[in-house]
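Report on the following structure.
Number of protein chains: 4
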Amino acid sequence: VTRPSRELAGIFPYLVSPVDASTGAVLEKPLRALVDHLIRQGVHGVSPLGSTGEFAYLDRDQKAEIVRIVVDEAAGRVPVVPGVSGFSTVDALRQAETCARLGADAIVLMLQSFFPVPPAGVVEYFTTVAQQSELPICLYANPGLTVDLPPPVVAELSHLPSIQYFKEASGNTGRILTVMNLVEDRLKMMSASAHIPLVVFQLGGVGWMAGPACLMPRTCVHLWELCQANQWDEGLALQRQMWRLNEIFQRYSLAACIKTGLQLQGFEVGDAIPPQKALGKDAVADIQGAIETLTRLEATL
Amino acid sequence: VTRPSRELAGIFPYLVSPVDASTGAVLEKPLRALVDHLIRQGVHGVSPLGSTGEFAYLDRDQKAEIVRIVVDEAAGRVPVVPGVSGFSTVDALRQAETCARLGADAIVLMLQSFFPVPPAGVVEYFTTVAQQSELPICLYANPGLTVDLPPPVVAELSHLPSIQYFKEASGNTGRILTVMNLVEDRLKMMSASAHIPLVVFQLGGVGWMAGPACLMPRTCVHLWELCQANQWDEGLALQRQMWRLNEIFQRYSLAACIKTGLQLQGFEVGDAIPPQKALGKDAVADIQGAIETLTRLEATL
Amino acid sequence: VTRPSRELAGIFPYLVSPVDASTGAVLEKPLRALVDHLIRQGVHGVSPLGSTGEFAYLDRDQKAEIVRIVVDEAAGRVPVVPGVSGFSTVDALRQAETCARLGADAIVLMLQSFFPVPPAGVVEYFTTVAQQSELPICLYANPGLTVDLPPPVVAELSHLPSIQYFKEASGNTGRILTVMNLVEDRLKMMSASAHIPLVVFQLGGVGWMAGPACLMPRTCVHLWELCQANQWDEGLALQRQMWRLNEIFQRYSLAACIKTGLQLQGFEVGDAIPPQKALGKDAVADIQGAIETLTRLEATL
Amino acid sequence: VTRPSRELAGIFPYLVSPVDASTGAVLEKPLRALVDHLIRQGVHGVSPLGSTGEFAYLDRDQKAEIVRIVVDEAAGRVPVVPGVSGFSTVDALRQAETCARLGADAIVLMLQSFFPVPPAGVVEYFTTVAQQSELPICLYANPGLTVDLPPPVVAELSHLPSIQYFKEASGNTGRILTVMNLVEDRLKMMSASAHIPLVVFQLGGVGWMAGPACLMPRTCVHLWELCQANQWDEGLALQRQMWRLNEIFQRYSLAACIKTGLQLQGFEVGDAIPPQKALGKDAVADIQGAIETLTRLEATL
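As they're listed, the protein sequences go chains A, B, C and D. If you're matching positions, the first sequence starts at -1 in my numbering and goes up one per residue. If you're matching positions, the second sequence starts at -1 in my numbering and goes up one per residue. If you're matching positions, the third sequence starts at -1 in my numbering and goes up one per residue. If you're matching positions, the fourth sequence starts at -1 in my numbering and goes up one per residue.
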């Protein structure tokens, strides 16, 4: 039974996961501070446990703790859409149940693989979770990090009622148009930061889920509002400026980069989970520069 | 403190992990039956939770349960050498402690990655576990599945006292010679099934850890004994026959293939963990043929 | 000395190269027929010896013969922009000189590699040709087929006066925006068929160079005209229909596919150059279907 | 009609191609000096126009000139076995005819690809050349540089009478055993420098074709002779020393590295063909060190 659900649309920052490096304990205070800050800046939802959220480095208990904190802090102000990703179907089902039990509004569903999974296995995984999930599902594939979902597989899965969104992260914008042609109005498209969000909005996309939105929530919201108002020329001018920042953020390992940027903005979210390493001096300087550019940009909005 | 350890040498089958597909419960009976069978066939150790053991599809509790059962069933007859693999250092440490507590004799240590890990992070992960581990460690890298360990990294890690073995699985035999030149006698080499084991033995390797040894333990032991006795011509003749079987086993997804073969041999180990799929008819027929060839071959030993 | 040059803008079909399979002789008649047909359909230029033109399968004499025929048949009606691609700098220089001598209007310059070429070598190759070329140059990189040109390399090369255009073919539309941010107005962007051309036009691109335009010149020209007139809604509706055709054309080996489609349209251009193979029955049926859809579509324009 | 042919066995250095960087003219004098030197050092044949010979950077005229010079200089003292590699079947046929006409003893046949070639096209290419070639053929595949020849394709081609040797360069030594099992005595195996040659000799291989043999011909010949005399222990000790040198040579772009080493040994072969670059200072120092080690090693043989 799918619960009556809140429509997902707009800017959804992918939250980082602040944890103690040596014990793995979730750091509740900076996580709450970040969630509250983003909501006050106007974002339309928050998404913990995405790639930026280092879900691959967390066990089931850590994931549940993070969902619990984010839902509690959001307190219904915006939808909470955690990532669910498993190697085994059994594990994904347990995570999805936990998200529903803890009050999430939807999930972003991914599949990881060790041995290659044949297409029938991929379809089975997403179908099994979709049939048992109480929550609406956003399909997500980030080729190279999680199992790719080629357009025909997305089209097949789009017929399941709980599967309602698709987040494409290959960077190949043509694939979004291909999927749109195949699924008609059964799925809504979400941009990842690998795409130019303005382009995805022009093609009909309904939102942007991405880690860099943690660092520039107001700018992202402003871009979204310009596009909603059909102010495409202003939108493109802003998008070009934002893209330079996006490039800097994409130059470095995603979670480490966003955590570094947030620390520079005063959020005590710690470094990437070991054995990932904190960024080096040059990278920190680059990100510092980007944050400063951003601050100047936000002052003009 | 590293405990006085048993020398690892010879044939170490990589065990499959029999689990209930819908609940994830470990199937104790077939796992015990397999361990006992292999030891009675003369293998020199058993290695649960390798790639063949589908470790990537199991959570911490399932892994601990498997180690507990294998150690109990082996009952000291041969060393038990489980795989330990984590994305985070914290998780690997916990797994290693569990292996030590449950009575394993050594561990095979791997690193998985989601975001790329810089070399300093790779060294830190292995060093941290090695410094805190009570058990001897066999380094293991299977490029494409786990984080690669280039020869200079292996050489650096070889100076840690608990790191005593290296299992190379790239299939590039020259890399074994490169590592041998670099580490001198600080590490002993183990062959993976991606290499021709006879060649690795000729170069000085001390054993073979591999999934296919589950299906042909006596033949593997016989090859080992021929090489130990310097009967290289007979060894090569046997190796060429075994290689044809190895090829068939390598043609299909590893865990699914070994589980299928064991089922054909009467072990109720079940299929690969979903969303992996059981093999199709043609594959089963291929493996059936290989098992029959093998049975005829073993009759001649 | 760069000659006064004709501006390149609009639709530039990448021509196929009709050659006799057993002798390699260029088939002049169908090549002339194709060029004349495309110009009469309204295309804004023609580009022989691109990927679609199988340049990699042709020697220097065959390439010169093709340029000679295309320039002669175009007879000044539209610009002729041949591809120039070499492994060695010496070879590329000779090809560029030949194009200038035979009356081409510009060249599309690529680099192939056998051993990896360091960035300094890449810059040197393009710089050497650019400094000695009488013709304006469109940089072209098709990652996986020719040497990639990362945005900073394009930015460096954009300061050379004869380098005036850039055709990006990675499919990653964000890279176009990245380059635009870096090169400002020093380079004009051309879309490859790996991108959604309408999106590239919206971002400021000045044209579309692609093989499929051989099969649907009028539709391509119509899309271009809608975008030029800022009729973006009609443009997007047409683009979505065209994208389905583009997908079919991208499903099969490029040159074989376009040659097959042209044969179905009555042009005797022959099959792909051996050892490439003619397409199989199913592929021909798919392309036949696409051509029929296209014919119906063109009837409505 | 295949001519009565000389058996190929032993050490076959892959020759570099000395050419003038700005004109592409073949430098006859250093090429003759190198060929004469290698033959006087005892090599069993010479192989121009392999990967080390930068064939991909040369046109048909340059290739013919090189074959002419090498055949003339060898003057029947050892067999000359040039590489033949084409993108198109027509081009490979012309090259093979030229080799036969100029007096080569056999050819090493490769296929390059731009668009992926289906297996039937690969078989057709090799079959067409094999059926029209007067010379014995050594199949050669260097995955990543030339089209891979999977074992079943090699097995199919092994039935053609002129196809008599196979040089495997993937570095995966198991593939050699796989092919040996499939082709029985129809093909003889040649080692590439990606393999440990001693291992290939132990498995039954008949020779070693490789660029580094240009720099250490006497050592290579000594290894070959030890293996021929079944002195495997001495062979392995020498092989381990040689492998350290091989690693240094493999660390750098192949042709640039061998050309640099030869210059350090006094042969005026020039640098790699532009846009490839001469090696940097550190690389030259590394190679200088390797040459010195080698000189000391050769003094002990």
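By construction, the Cβ of each residue, glycine as well, lies at the ideal position given by its N, Cα and C atoms.
For residue i, which residues in chain D fall below 9 Å Cβ to Cβ?
i               : result
N228 of chain B : By Cβ distance, chain D contributes nothing, its closest Cβ being about 10 Å from N228 of chain B, past 9 Å.
V197 of chain B : T171, G172, L175, I194, V197, Q200 and L201
Excluding the five sequence neighbours on either side, which residues of its own chain have a C-beta within less than 8 Å of the C-beta of residue i, listed in chain order?
i             : result
T0 of chain B : Unreliable positioning characterises T0 of chain B in this predicted model, as indicated by a pLDDT of 47, which lies under 50. A coordinate reading is not provided.
In angstroms, rounded to a whole number, what distance separates the CA positions of residue i and residue j?
i               : j               : result
G40 of chain C  : G172 of chain C : 30 Å
V219 of chain A : G8 of chain C   : 35 Å
Q93 of chain C  : S86 of chain C  : 11 Å
W241 of chain B : A190 of chain C : 47 Å
S156 of chain D : D146 of chain D : 15 Å
Y138 of chain A : A167 of chain A : 8 Å
G259 of chain B : A72 of chain A  : 52 Å
Q162 of chain A : P215 of chain C : 37 Å
L100 of chain D : L47 of chain D  : 14 Å
Q237 of chain A : L221 of chain A : 7 Å
E52 of chain A  : K27 of chain A  : 18 Å
A153 of chain B : I271 of chain A : 25 Å
M187 of chain D : Y250 of chain A : 46 Å
V79 of chain B  : V151 of chain B : 23 Å
E185 of chain C : P116 of chain B : This sequence places Leu at residue 185 of chain C; Glu is not what is there. Rounded to whole angstroms, L185 of chain C to P116 of chain B spans 36 Å at the Cα level.
I'd like the list of long-range same chain contacts for residue i, defined as Cβ closer than 6 Å, with 5 residues on each side in sequence excluded.
i               : result
L224 of chain D : E232 and G233
G268 of chain A : P16
P149 of chain C : T176, V177 and L180
A308 of chain C : A query on residue 308 of chain C cannot be resolved here, the shown segment of chain C reaching from -1 to 299 and no further.
A62 of chain C  : T96
Y213 of chain C : It is Leu, not Tyr, that sits at residue 213 of chain C in the sequence shown. Only G259 meet the Cβ criterion.
K165 of chain C : C136, Y138, M188, A190 and M207
Pull up the CB-CB distance for residue i and residue j, whole angstroms please, since I reckon it's below 8 Å.
i               : j               : result
V82 of chain A  : C97 of chain A  : 6 Å
V120 of chain A : A90 of chain A  : Their Cβ separation, rounded to whole angstroms, is 12 Å, which puts V120 of chain A and A90 of chain A out of contact at 8 Å.
S49 of chain C  : N170 of chain C : Incorrect: roughly 17 Å between the Cβ atoms, too far for contact.
V24 of chain C  : I64 of chain C  : 6 Å
R38 of chain D  : D57 of chain C  : Between D57 of chain C and R38 of chain D the Cβ distance is about 37 Å, and since that is not below 8 Å, they are no contact.
Within a Cβ cutoff of 7 Å, which residues of the same chain sit near residue i, ignoring the five residues on either side of it in sequence?
i               : result
A31 of chain D  : F265
L295 of chain B : T217 and Q239
Q286 of chain D : L262
L196 of chain C : L221, C225, G233, L234 and Q237
Under 8 Å Cβ-Cβ, which residues of chain D neighbour residue i?
i               : result
P114 of chain C : S251
V120 of chain C : P273
D34 of chain C  : Ordered by position in chain D, no residue passes the 8 Å Cβ test against D34 of chain C, which lies about 27 Å from the chain.
R238 of chain B : L175, M178 and N179
W241 of chain B : G172, L175, T176 and N179
Find the residues of chain C that neighbour residue i, judging by a C-beta separation of less than 7 Å, and give them in chain order.
i               : result
E245 of chain A : T176
D89 of chain D  : D57
By the criterion of Cβ-Cβ separation under 7 Å, what are the contact partners of residue i in chain D?
i               : result
I271 of chain C : S86
G48 of chain C  : Simply none; closest approach about 11 Å.
Note down, in chain order, every chain A residue with its Cβ under 9 Å from the Cβ of residue i.
i               : result
L143 of chain B : F112 and F113
W222 of chain C : Going along chain A, no residue has its Cβ under 9 Å from W222 of chain C, so there is no contact; the nearest lies around 18 Å.
Y163 of chain B : Residues of chain A passing the Cβ test: none, with the nearest at roughly 21 Å.
Starting from residue i, find everything on chain C with Cβ-Cβ shorter than 9 Å and list it in chain order.
i              : result
A54 of chain D : F85, S86, Q110, S111, F112 and F113
Using a cut-off of 8 Å between C-beta atoms, extract the partners of residue i located in chain B.
i               : result
Y123 of chain A : P272 and P273
In the segment 104 to 187 of chain C, which residue ranges form an unbroken alpha helix (DSSP H) of at least 4 residues, counting only runs that do not cross its ends? Taking only runs of at least 4 residues, the alpha helix (DSSP H) segments lying wholly in the segment 104 to 187 of chain C are 117 to 130, 149 to 155 and 171 to 181.
List in chain order: all unbroken beta strand (DSSP E) runs of 3+ residues lying wholly within the segment 13 to 46 of chain B. Runs of the beta strand (DSSP E) spanning 3 or more residues and lying entirely within the segment 13 to 46 of chain B do not occur at all.
Fully enclosed by the segment 52 to 102 of chain C, which beta strand (DSSP E) runs are 3 residues long or longer? Runs found: 81 to 84.
Whole alpha helix (DSSP H) elements within the segment 197 to 258 of chain D, 4-residue minimum: Fully enclosed alpha helix (DSSP H) runs of 4 or longer: 215 to 226 and 230 to 249.
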